[in-house]
């Protein structure tokens, strides 16, 4: 399946945007989950960054959507496991949760590597929701957790889950004590969280914001506040990790299908002018997921995010679409895929019904099984679910070590200035500066020009 590249000027500052050619990939493994059928695609972006980020903002502060988002999550019904198993998006949710587990585990491991035995490890979970990641933090052996979310009902439920975790741990043997925790009901895009901490001088080792960071791109001030909260208490060398919708993929699908597109599982409906150039902030669309109330979201232009993050001492160290990240960690996470029921068995056991409702949902599995021998069952996501999952990407930033100016404020070295100085020190002089003029954009770890 080949998908076309979006127009070069979809955003006001895009020079190029990613293509996403996808092909079937099969992973064989022993036991009930013999094979994983998935799809992968790689994209590259070549984008310049504006010198004045505020010039393209169309934000009106009086019309913020924070209350809408809070109401959305406050009114979400808490469903039991039995009810969730009946959901059309049961495997999609589990797959996304598996991706999240692998990201958290990877960066907790990196964080622990730089610490001496017995050192504390403190985490901020921004937009924590109802506490879906509490067990992940428990298994990561962290010592303190700050949970913050705009939805007060969600924070209350998160705290209740934490209390249950504490009570259960008293009867468990072989486990370290449950981490300490504090809970904040606050809009992370507008409130300085440090002022709400029990200990404002606390140093964080890891900050996580899963499937929520895109709300801050409603406006430049909100994006700056969110990044301030992520970076302000993060120690040098600490990580800020997250997952967001891929703006390029969303725009590409919009250009191919119009302002409203999707399938039986998800629907995207743009609520802003989609004529190029799109605004860097306030590019609003409604996102509907099967069984969930619509909620307004905002495109995150990633080069702009990288530029803003630099201001707060955060340097991009990883950015991968979910399909690419799956390929990277699937061997390590193979067992967890099964435990979390992140893939649907095809054909199903005991004539159980498939969750997919259209024939083309499983064509890729059927084609694979026709070509292969010896594989009676495979694990897969339906085509409809994959279309929704492949809208997302993961990112990781690392906090740089600051220098302090005469006013006592932190300053972070610009990588381009460092490169220029290094070339000058090497004796290249003006020639080096001339060479840099055409290549003075920061380049990410995946070769993407930012």
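In full-length UniProt numbering, the protein residues as written are 1 to 450. Glycine included, each C-beta is placed from N, C-alpha and C at the ideal position.
- In the DSSP annotation of this structure, the continuous segment of the beta strand (DSSP E) that includes residue 208 starts and ends at 204-210.
- Judged by DSSP secondary structure, residue 163 falls within the alpha helix (DSSP H) whose first and last residues are 152-169.
- Residue 102 has its alpha-carbon roughly 7 Å from the corresponding atom of residue 333.
- A distance below 9 Å separates the beta carbons of residue 134 and residue 162.
- For the 9 Å CB-CB criterion, residue 242 and residue 209 form a contact.
- Excluding the 5 residues flanking it on each side, residue 254 has same chain C-beta neighbours closer than 7 Å at 261, 270 and 274, in chain order.
- Note on geometry: alpha-carbon atoms of residue 158 and residue 147 lie some 8 Å from one another.
- Per DSSP, the unbroken alpha helix (DSSP H) holding residue 220 starts and ends at 220-231.
- Within the stretch 275-318, the runs of alpha helix (DSSP H) at least 4 residues long that lie entirely inside it are, in chain order, 302-311.
- The beta carbon of residue 177 sits closer than 8 Å to those of 169, all from its chain and outside the five residues before and after it, given in chain order.
- Between residue 230 and residue 240, the beta carbon gap of about 5 Å places them in contact (Cβ cut-off 8 Å).
- Contact between residue 387 and residue 346 does not hold, since the beta-carbon distance rounds to 17 Å and is not under 8 Å.
- According to the DSSP secondary-structure assignment, residue 394 is paired through a beta bridge with 243 and 320.
- Distance from the CA of residue 204 to the CA of residue 371, rounded to the nearest whole angstrom, comes to 51 Å.
- With a beta-carbon spacing of about 21 Å, residue 412 and residue 300 fall beyond the 8 Å limit used to define contacts.
- Counting only residues of its own chain and dropping the five nearest sequence neighbours on each side, residue 136 has a CB closer than 7 Å to the CB of 101 and 104.
- Pairwise C-beta distances place the stretch 195-204 out of contact with the stretch 352-372, as fewer than three of them are shorter than 8 Å.
- Counted as a single uninterrupted DSSP element, the stretch harbouring residue 376 is not any alpha helix (DSSP H), since DSSP gives it neither H nor E.
- Rounded to whole angstroms, residue 282 and residue 308 show a C-alpha spacing of 16 Å.
- In its chain, beyond the 5 residues on either side, 288 have a beta carbon closer than 6 Å to the beta carbon of residue 267.
- With distances taken between CA atoms, residue 316 lies nearest to 397 out of 397, 298, 349 and 93.
- When 119, 235, 252 and 215 are compared, the shortest CA-CA separation from residue 402 is found for 235.
- In this structure, residue 207 and residue 185 do not form a Cβ contact; the two beta carbons are roughly 18 Å apart against a cut-off of 8 Å.
- Of 312, 182 and 294, the smallest CA-CA separation from residue 233 is found for 312.
- Counting only runs of 3 or more residues that sit fully inside the stretch 93-153, the beta strand (DSSP E) segments are 122-126 and 144-149, in chain order.
- In this model, residue 298 and residue 172 are separated by some 43 Å (Cα to Cα).
- With contacts defined by Cβ atoms closer than 9 Å, residue 395 and residue 318 form a contacting pair.
- Going by DSSP, residue 268 is part of the beta strand (DSSP E) stretching over 266-270.
- By the CB criterion at 9 Å, residue 314 and residue 400 fall inside the cutoff.
- Pairing residue 364 with residue 343, the inter-Cα distance amounts to about 14 Å.
- Inter-residue distance for residue 252 and residue 368 is about 28 Å (C-alpha atoms, whole angstroms).
- For residue 389, the uninterrupted alpha helix (DSSP H) run begins and ends at 383-389, by DSSP.
- Taking every protein chain shown into account, the CB of residue 245 has 16 or more other CB atoms within 10 angstroms, so this residue is buried.
- Annotation: residue 335 to residue 223 spans about 37 Å, alpha carbon to alpha carbon.
- The continuous alpha helix (DSSP H) containing residue 368 extends over residues 363-371.
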